[in-house]
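**Student:** Mind looking over this structure? Questions follow.
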Amino acid sequence: MPDGHPALDLAPARGARRSSFRIAARMARRDILRHKGRSLLIILLIMLPVAGMSGAATLYQSSLRTPAEIVRYELGNTQARYAMLPVPNGESLQDPLNDTIVASSTGELDQDFRPSPPEDLLPDGYEVLPLRQLKLTATAGDAAVPLQGRQVDALHPAFEGKFTLLEGRAPATGDEVLVSPGLIERFALSFGEEFTTSAGTFVPVGTIRDADASDRNSILYLRQGQGPAALGQGDASPQSVSYYLAGAAPVTWEQVRAANSRGVGVLSRSVVLSPPPPDEQTVPGAIQAGTPSEQVAAYGTFGLVGALALLEVGLLAGAAFAVGAKNQVRELALLAASGAEAPTIRAVVTASGLWLGGAAVASGAVAGVGAAAVVVWWVRSTGSARLAGVHPDPLLTGTAMAMGLAACLLAALAPANRVARQALVGALKSGRAPAAGGKRTTLTGAVLLPVAAGLLAAGWLVAQSAADPDERARQAGLVSSLLAGGAVLGVVALVLLTGWLTTGLTPRTGSLPLALRMAARDSARNRGRTVPAVAAVLAAATLASAALVLSASQQAGQRLSHSWSALENQAYLPLSLAQPPQADGTIPPAITANPEHLSTAVSGALDSVSWTRTVTTPAPVRNCGFGEGAGPAGQVTTDVSNCLQYSLARPAGQACPLTAQRRVVDPDDWRCRGSMAWDQGSDRSILVGGAEDIRAMFGREAGADAVAALNAGAMVVTNPVFIRDGKVELQGQDVRTQQGSPDGSVVHDTVSSTVLEAVTLEPSVAVPYYGIVSPATAHRLNLAPEAAGLAVQLSRAPSAAEVDAVTGAIAGVFGQPGIGFWAEPGVPKDQAWMGWLIVAVSALVTFSAAGITTGLSLADARTDHATLAGVGAAPRLRKALAASQALFTAGLGAVLGTLAGAVPAVLIVVSTDLRTALDVPWLPLAAMVAAVPVTASALAWAFTRVALPMTRRAPGG
Numbered sequence: 001m002p003d004g005h006p007a008l009d010l011a012p013a014r015g016a017r018r019s020s021f022r023i024a025a026r027m028a029r030r031d032i033l034r035h036k037g038r039s040l041l042i043i044l045l046i047m048l049p050v051a052g053m054s055g056a057a058t059l060y061q062s063s064l065r066t067p068a069e070i071v072r073y074e075l076g077n078t079q080a081r082y083a084m085l086p087v088p089n090g091e092s093l094q095d096p097l098n099d100t101i102v103a104s105s106t107g108e109l110d111q112d113f114r115p116s117p118p119e120d121l122l123p124d125g126y127e128v129l130p131l132r133q134l135k136l137t138a139t140a141g142d143a144a145v146p147l148q149g150r151q152v153d154a155l156h157p158a159f160e161g162k163f164t165l166l167e168g169r170a171p172a173t174g175d176e177v178l179v180s181p182g183l184i185e186r187f188a189l190s191f192g193e194e195f196t197t198s199a200g201t202f203v204p205v206g207t208i209r210d211a212d213a214s215d216r217n218s219i220l221y222l223r224q225g226q227g228p229a230a231l232g233q234g235d236a237s238p239q240s241v242s243y244y245l246a247g248a249a250p251v252t253w254e255q256v257r258a259a260n261s262r263g264v265g266v267l268s269r270s271v272v273l274s275p276p277p278p279d280e281q282t283v284p285g286a287i288q289a290g291t292p293s294e295q296v297a298a299y300g301t302f303g304l305v306g307a308l309a310l311l312e313v314g315l316l317a318g319a320a321f322a323v324g325a326k327n328q329v330r331e332l333a334l335l336a337a338s339g340a341e342a343p344t345i346r347a348v349v350t351a352s353g354l355w356l357g358g359a360a361v362a363s364g365a366v367a368g369v370g371a372a373a374v375v376v377w378w379v380r381s382t383g384s385a386r387l388a389g390v391h392p393d394p395l396l397t398g399t400a401m402a403m404g405l406a407a408c409l410l411a412a413l414a415p416a417n418r419v420a421r422q423a424l425v426g427a428l429k430s431g432r433a434p435a436a437g438g439k440r441t442t443l444t445g446a447v448l449l450p451v452a453a454g455l456l457a458a459g460w461l462v463a464q465s466a467a468d469p470d471e472r473a474r475q476a477g478l479v480s481s482l483l484a485g486g487a488v489l490g491v492v493a494l495v496l497l498t499g500w501l502t503t504g505l506t507p508r509t510g511s512l513p514l515a516l517r518m519a520a521r522d523s524a525r526n527r528g529r530t531v532p533a534v535a536a537v538l539a540a541a542t543l544a545s546a547a548l549v550l551s552a553s554q555q556a557g558q559r560l561s562h563s564w565s566a567l568e569n570q571a572y573l574p575l576s577l578a579q580p581p582q583a584d585g586t587i588p589p590a591i592t593a594n595p596e597h598l599s600t601a602v603s604g605a606l607d608s609v610s611w612t613r614t615v616t617t618p619a620p621v622r623n624c625g626f627g628e629g630a631g632p633a634g635q636v637t638t639d640v641s642n643c644l645q646y647s648l649a650r651p652a653g654q655a656c657p658l659t660a661q662r663r664v665v666d667p668d669d670w671r672c673r674g675s676m677a678w679d680q681g682s683d684r685s686i687l688v689g690g691a692e693d694i695r696a697m698f699g700r701e702a703g704a705d706a707v708a709a710l711n712a713g714a715m716v717v718t719n720p721v722f723i724r725d726g727k728v729e730l731q732g733q734d735v736r737t738q739q740g741s742p743d744g745s746v747v748h749d750t751v752s753s754t755v756l757e758a759v760t761l762e763p764s765v766a767v768p769y770y771g772i773v774s775p776a777t778a779h780r781l782n783l784a785p786e787a788a789g790l791a792v793q794l795s796r797a798p799s800a801a802e803v804d805a806v807t808g809a810i811a812g813v814f815g816q817p818g819i820g821f822w823a824e825p826g827v828p829k830d831q832a833w834m835g836w837l838i839v840a841v842s843a844l845v846t847f848s849a850a851g852i853t854t855g856l857s858l859a860d861a862r863t864d865h866a867t868l869a870g871v872g873a874a875p876r877l878r879k880a881l882a883a884s885q886a887l888f889t890a891g892l893g894a895v896l897g898t899l900a901g902a903v904p905a906v907l908i909v910v911s912t913d914l915r916t917a918l919d920v921p922w923l924p925l926a927a928m929v930a931a932v933p934v935t936a937s938a939l940a941w942a943f944t945r946v947a948l949p950m951t952r953r954a955p956g957g
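Residue numbers for the sequence shown follow UniProt numbering, beginning at 1 and rising by one.
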């Protein structure tokens with residue numbers, strides 16, 4: 001330059017950006033430490049949904065076994081397991097990871113196919129370790145009760161990982177055995193105490209755990225050669241024996257295929273750890289089974305829940321920062337007044353978002369995975385095989401963390417952008433954060449809402465357009481994506497419209513009490529605080545309501561598909577016990593019991609017996625030799641045997657329509673529902689009796705029409721699918737003839753047929769009875785009616801000890817064991833634990849979100865309360881105002897969230913095979929809508945101080 005001075009270098013100094021960010025991070029850290037309460041609430045609000053989602057994902061993944069766990073828990077250190085595989089022909093292949101499932105087959109039943117015994121196919125060069133399942137009885141008091149037995153060298157080194165010695169020592173003598181912990185608990189045994197079973201008297205010296213079974217099972221472990229020589233022989237099925245191979249050479253997929261072609265399944269270590277390619281897992285001409293309908297419904301359910309859970313993470317994270325935006329705006333304006341440029345201000349809020357968001361998502365992921373790990377550890381420590389191990393889900397957990405952190409950064413930048421848009425003096429003087437977006441936000445929400453509705457409608461229409469369930473299953477992914485996308489956009493649209501809704505509701509509060517009117521006006525005036533608070537509750541309530549509807553519908557589906565053996569808590573005890581053939585081949589008569597004596601014994605052993613009733617049926621099948629093929633020799637009934645079983649014929653055209661992949665075309669079809677729609681008949685499927693028997697066995701009162709029909713010689717039928725033109729066909733079938741059918745059921749030859757008049761009386765649940773005829777009609781038709789069993793109705797489910805006691809009492813009546821006691825438990829209540837876990841976590845997050853946003857709002861509104869106190873407002877009014885503000889925001893969020901979650905959930909249900917089981921839990925939903933705002937209001941009332949701390953008020957505030 002002319003002056004000789006060097007030119008000014010305006011380029012940024014090296015490392016200045018890094019140094020500036022370090023300063024911003026330090027300032028953000030100090031601000032976080034200065035506002036510890038607000039910072040902690042922000043961290044908690046972000047942490048909870050991340051923890052809930054990562055924990056639920058971890059528990060779900062932990063319920064699925066990895067290939068390594070499959071081989072460790074099922075094979076130990078052995079190379080393979082050979083066992084019988086039920087295949088229809090030699091053109092069938094098993095699942096490479098499961099030797100009990102036929103994964104690919106032509107489905108054609110080969111009458112000439114004869115499976116080979118597994119022991120004939122064992123390759124050379126291995127040590128063979130057999131495991132035999134035994135049906136034993138044990139002495140409990142004066143009675144014998146059923147007991148599981150296993151004959152296996154469980155402590156062989158090759159079984160390390162499968163069997164584990166828990167307590168005690170290895171057996172040393174011929175009468176010493178290992179037992180499961182459940183057996184010790186069931187029979188109140190101790191080590192060294194003699195234990196009598198049908199296999200002999202033994203002395204337990206240790207407890208053992210099978211990694212593939214629950215410790216609660218009562219199992220006696222015998223070594224090879226221990227017990228009688230004939231143990232496990234005789235009537236034991238071929239499926240009761242499996243062979244484990246210990247050696248160094250792996251069993252290949254080619255060996256597995258060869259074994260499958262001969263009716264033997266093989267679980268191979270090398271195949272499980274390195275499965276064959278998909279094209280090698282099918283046979284030519286195999287039937288494409290398709291995805292099961294239940295699995296399709298599960299995909300849609302988890303897709304919707306997962307999408308809403310991720311959205312919840314983002315919205316709660318954003319709301320955590322946005323609720324306290326008013327104070328941040330003024331503090332950032334002060335920073336700008338001191339000369340800080342916009343990049344510096346953004347660096348400060350970015351650092352704040354990184355500090356708080358990073359700590360929140362990291363602690364949330366650690367807490368969620370840690371809590372799931374504790375649950376898995378506890379479940380495994382109790383000996384349950386339900387959870388295989390701790391399996392974190394990196395994808396879902398990482399996605400939740402990324403969404404939470406991104407939402408933190410975006411929400412943290414909002415105050416900085418507002419300062420940049422406002423005049424500096426206006427920002428300094430502003431008593432409240434300006435409403436974000438204004439008309440543009442409302443317009444965006446108004447556009448997104450119909451788009452969301454269109455996606456939801458499109459998903460429903462696509463699902464309804466496919467009349468074929470197989471096609472509907474193939475479209476499940478598209479339908480779930482459309483519905484999940486519509487649900488997410490619907491929530492976003494409602495969040496964007498919250499400010500408009502708040503403003504629109506305010507003029508309609510004129511008739512409400514003062515505190516509520518002030519709360520509504522304050523919410524409309526401070527939309528920057530109201531919208532995030534409503535959004536937090538809305539997001540949490542959306543997930544909770546969707547989970548409630550989906551879980552309730554799945555439970556309803558389980559109730560509809562449950563296979564009932566009798567009414568709930570009802571047991572059936574036969575009055576005769578068949579005897580095995582004698583040495584000369586003759587069949588001795590069955591042992592019979594007096595129903596009154598049996599009833600007295602059962603009632604004496606159980607205090608929960610409501611009533612007992614003798615059940616009369618046509619002569620039951622007894623002492624019948626079964627043969628293969630048609631036309632067995634000999635009469636169908638003799639003086640000591642009966643091979644005749646009665647059932648109702650299904651008229652032509654009234655079979656349940658099925659697709660090529662054997663899915664039900666229409667679950668609502670009357671031909672596909674009700675008693676015996678899917679069950680095969682038994683020798684007690686036809687009842688003989690009157691009105692009292694209908695009430696006892698059907699769970700329904702017999703009307704006048706039913707009683708009149710019985711008296712007129714007609715049949716009262718449980719399912720109209722068997723009736724045509726008011727008549728049914730009663731068929732007598734020879735059970736010695738067993739022909740296969742394409743659907744896998746067994747078909748018997750019909751030897752007699754009778755047409756009867758019939759009326760319908762559907763039972764309370766689908767009990768396995770065709771219907772009932774009067775005793776006079778049964779004698780007229782030569783059904784040989786007799787007292788065949790005793791129905792026992794309990795007031796509650798029996799415990800294991802009670803089952804042992806009543807089994808012993810039954811054995812005392814018959815003079816020998818052989819008849820067990822099993823009461824119909826009803827719909828399994830432990831199958832929906834994952835769904836209800838999601839509901840519980842969602843509800844927890846909803847209530848927590850309401851409470852935390854209430855706390856953040858109170859902190860943000862402290863200057864407003866100081867103003868009220870300055871003009872003489874009573875402490876009670878300030879507490880009422882805080883409670884009303886929380887009631888207004890949480891109530892609006894709960895109502896909108898319930899609608900936003902329940903509607904997509906209903907559409908998911910009606911778009912899958914769950915549509916016949918749609919169940920909207922109105923009471924729980926209403927309770928949530930009422931409880932969330934009430935809880936938030938109560939918290940606000942409780943935590944609003946009577947005496948406010950000294951506050952430095954902003955000019956114009």
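We put the beta carbon where it would ideally sit given N, CA and C, even for glycine.
Starting from Leu267 and walking both ways along the beta strand (DSSP E), at which residues does that stretch end?
**Tutor:** Note, Leu267: beta strand (DSSP E), Val264 to Ser268.
**Student:** Tell me which residues share the same chain as Ala788 and place their Cβ nearer than 7 Å to its Cβ, disregarding the 5 neighbours each side in the sequence.
**Tutor:** Excluding residues within five positions, the ones whose Cβ falls inside 7 Å are Pro574, Leu575, Val615, Thr616, Thr617, Pro620 and Arg684.
**Student:** Based on DSSP bridge pairs, tell me the residues matched to Asn98.
**Tutor:** BP columns for Asn98 point to Asp95.
**Student:** For Trp253, count neighbouring C-beta atoms within 10 Å of its own C-beta (all shown protein chains included) and say buried if the count is 16 or more, exposed if not.
**Tutor:** Trp253 comes out buried.
**Student:** Return yes when the Cβ of Leu577 is within less than 8 Å of the Cβ of Phe814, no when it is not.
**Tutor:** In contact: Phe814 and Leu577 (Cβ atoms closer than 8 Å).
**Student:** Less than 6 Å between C-beta atoms, sequence neighbours within five positions excluded: which residues of the same chain meet that for Pro277?
**Tutor:** Nothing meets the Cβ criterion.
**Student:** Using only the alpha-carbon positions, how far apart do Gly206 and Leu155 sit?
**Tutor:** Each residue's alpha carbon lies about 11 Å from the other.
**Student:** Grab the span of the beta strand (DSSP E) containing Ser242 for me, first residue to last.
**Tutor:** First-last of the beta strand (DSSP E) with Ser242: Val241 to Ala246.
**Student:** Leaving aside the five residues before and after Leu907 along the sequence, list all residues of the same chain whose C-beta is less than 7 Å from its C-beta, in chain order.
**Tutor:** Cβ within range, chain order: Leu456, Gly459, Trp460 and Leu483.
**Student:** What's the gap between the Cα of Val425 and the Cα of Ala336?
**Tutor:** Reliability fails at Val425, whose pLDDT of 49 lies under 50, so the model's placement of it is uncertain and the value that follows must be treated cautiously. C-alpha separation (whole angstroms): 10 Å.
**Student:** Within the continuous alpha helix (DSSP H) that includes Gly200, where are the two ends?
**Tutor:** Where Gly200 is concerned, there is no enclosing alpha helix (DSSP H), although the beta strand (DSSP E) it sits in stretches over Gly200 to Asp210.
**Student:** For the stretch 541-629, which segments carrying the alpha helix (DSSP H) assignment without a break, of at least 4 residues, lie completely within its bounds, in sequence order?
**Tutor:** Within the stretch 541-629, the complete alpha helix (DSSP H) runs of at least 4 residues are 595-605.
**Student:** Do three or more CB pairs link the stretch 724-739 to the stretch 751-764 at distances below 8 Å?
**Tutor:** The stretch 724-739 vs the stretch 751-764: in contact.
**Student:** Taking 7 Å as the cut-off, does the CB of Ala791 come closer than this to any heavy atom belonging to the ligand COA?
**Tutor:** Absence of the ligand COA is noted for the structure shown, with no ligands found whatsoever.
**Student:** Just to confirm my understanding: we take Trp941, look at its own chain, exclude 5 residues before and 5 after, and list those with CB closer than 6 Å. What are they?
**Tutor:** The answer, listed in chain order, is Lys879 and Ala883.
**Student:** Assuming Pro88 and Asp110 are in contact, meaning their beta carbons sit under 8 Å apart, how far apart are those beta carbons, in whole angstroms?
**Tutor:** That pair is a contact at about 6 Å.
**Student:** If you check the beta carbons only, do Tyr82 and Pro115 fall under 8 Å apart?
**Tutor:** In this structure, Pro115 does not lie closer than 8 Å to Tyr82 by Cβ.
**Student:** Grab me the residues of Val932's own chain with a C-beta within less than 8 Å of its C-beta, minus the 5 sequence neighbours each way, in chain order.
**Tutor:** So the qualifying residues of the chain are Val537, Ala541, Thr846, Phe847, Ala850, Ala890, Gly891, Gly893 and Ala894.
**Student:** Rounded to a whole number of angstroms, what is the C-alpha to C-alpha distance between residue 960 and Gly634?
**Tutor:** It is not possible to answer for residue 960, since the shown part of the chain is limited to 1 through 957.
**Student:** Do the stretch 125-133 and the stretch 174-193 meet, that is, are 3 or more Cβ pairs less than 8 Å apart?
**Tutor:** Judged by Cβ distances under 8 Å, the stretch 125-133 makes no contact with the stretch 174-193, as fewer than three pairs qualify.
**Student:** Within 10 Å of its beta-carbon, does Thr502 have 16 or more other beta-carbons around it, so buried, or fewer, so exposed?
**Tutor:** So Thr502 ends up on the buried side.
**Student:** Can you tell me which of Gly604, Ala388 and Pro657 puts its alpha carbon nearest to the alpha carbon of Gln61?
**Tutor:** Checking every option, the nearest Cα to that of Gln61 belongs to Ala388.
**Student:** Classify Ala467 as helix, strand or coil using the three-state DSSP reduction.
**Tutor:** Note: Ala467 maps to coil in three-state DSSP.
**Student:** Buried or exposed: Glu74, going by 16 or more other Cβ atoms within 10 Å of its Cβ?
**Tutor:** By the neighbour-count rule (16 or more Cβ atoms within 10 Å), Glu74 is buried.
**Student:** Count the other CB atoms within 10 Å of the CB of Asp705; is the residue buried (16 or more) or exposed (fewer)?
**Tutor:** It counts as exposed.
**Student:** For a quick check, are the C-beta atoms of Cys408 and Gly353 less than 8 Å apart?
**Tutor:** In contact: Cys408 and Gly353 (Cβ atoms closer than 8 Å).
**Student:** State the Cα-Cα distance for the pair Arg671 and Pro763, rounded to the nearest angstrom.
**Tutor:** Whole-angstrom Cα-Cα distance: 16 Å.
**Student:** Measure how close the beta-carbons of Thr201 and Leu220 come, nearest whole angstrom, since I'm counting them as under 8 Å.
**Tutor:** In fact, because the Cβ distance is near 12 Å, the residues do not count as touching under 8 Å.
**Student:** Out of Gln94, Thr912 and Gln579, state which residue places its alpha-carbon closest to the alpha-carbon of Val665.
**Tutor:** Of the candidates Gln94, Thr912 and Gln579, the one whose C-alpha sits nearest the C-alpha of Val665 is Thr912.
**Student:** Nearest to Gln79 by alpha carbon, out of Leu887, Gly192 and Glu160?
**Tutor:** It is Glu160.
**Student:** Taking Cβ positions, are Val375 and Leu59 nearer each other than 8 Å?
**Tutor:** Cβ distance < 8 Å, so Val375 and Leu59 count as in contact.
**Student:** What is the DSSP secondary structure of His748, counted as helix, strand or coil?
**Tutor:** Correct three-state label for His748: strand.
**Student:** Can you round the beta-carbon distance between Leu798 and Leu648 to whole angstroms, since I take them to be within the 8 Å contact cut?
**Tutor:** Here residue 798 is Pro; the residue named in the question, Leu, does not match the sequence. Wrong, their Cβ atoms sit about 33 Å apart, outside the cutoff.
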